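Notes for the one structure printed next.
In UniProt numbering, the protein residues as written are 1 to 135.
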């Protein structure tokens with residue numbers, strides 16, 4: 001699947017929240033991209049395609065501060081893609097941002113997942129950052 005199609009599909013995320021347990025029962029922090037029920041099949045297909053590319057490469061997850069408080073751009077980068085996947089202008093609560101920042105500072109393992117499927121729908125994040133970004 002083309003990077004632009006994955007990016008376009010995942011840009012429909014309407015909520016970002018955290019989960020402390022994944023399907024295997026481990027206590028890794030999972031950053032969950034929350035979607036509405038519409039287009040579930042497309043979201044699953046896009047995320048599965050991203051996971052397939054990510055399985056062969058390390059994944060970098062970046063939260064980029066914007067000029068508007070509480071609004072962030074998300075970037076998923078891996079060598080398997082020609083450019084990072086950018087999910088622009090999404091609301092992230094201070095609580096979620098703080099928990100992600102704590103996990104980064106403690107070098108805790110982190111996963112990226114969605115709320116549309118419980119079946120092995122997560123990607124291991126190798127490095128994560130919160131910073132100012134210029135696109």
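Backbone N, C-alpha and C define an ideal beta-carbon position, used for all residues, glycine too. Quick caveat, the model's predicted, so the values are computed rather than measured.
{"Check": "Which class does residue 57 belong to by DSSP, given the choice of helix, strand or coil?", "Outcome": "coil"}
{"Check": "CB-CB under 6 Å to residue 45, same chain, minus the five flanking residues each way: which ones, in chain order?", "Outcome": "none"}
{"Check": "In whole angstroms, give me the CA-to-CA distance for residue 54 and residue 106.", "Outcome": "23 Å"}
{"Check": "Give every residue of the same chain whose Cβ lies closer than 6 Å to the Cβ of residue 51, excluding the five residues on either side of it in the sequence, and list them in chain order.", "Outcome": "123"}
{"Check": "Just curious, the alpha helix (DSSP H) that residue 74 is in, first and last residue?", "Outcome": "Counting along the chain, residue 74 falls outside any alpha helix (DSSP H), though it belongs to the beta strand (DSSP E) covering 71-78."}
{"Check": "Would you mind sorting residue 59 into buried or exposed? The rule is 16 or more other CB atoms within 10 Å of its CB.", "Outcome": "buried"}
{"Check": "May I ask which residues mark the beginning and end of the alpha helix (DSSP H) holding residue 97?", "Outcome": "94-105"}
{"Check": "Report yes if the C-beta distance between residue 75 and residue 62 is below 7 Å; otherwise report no.", "Outcome": "yes"}
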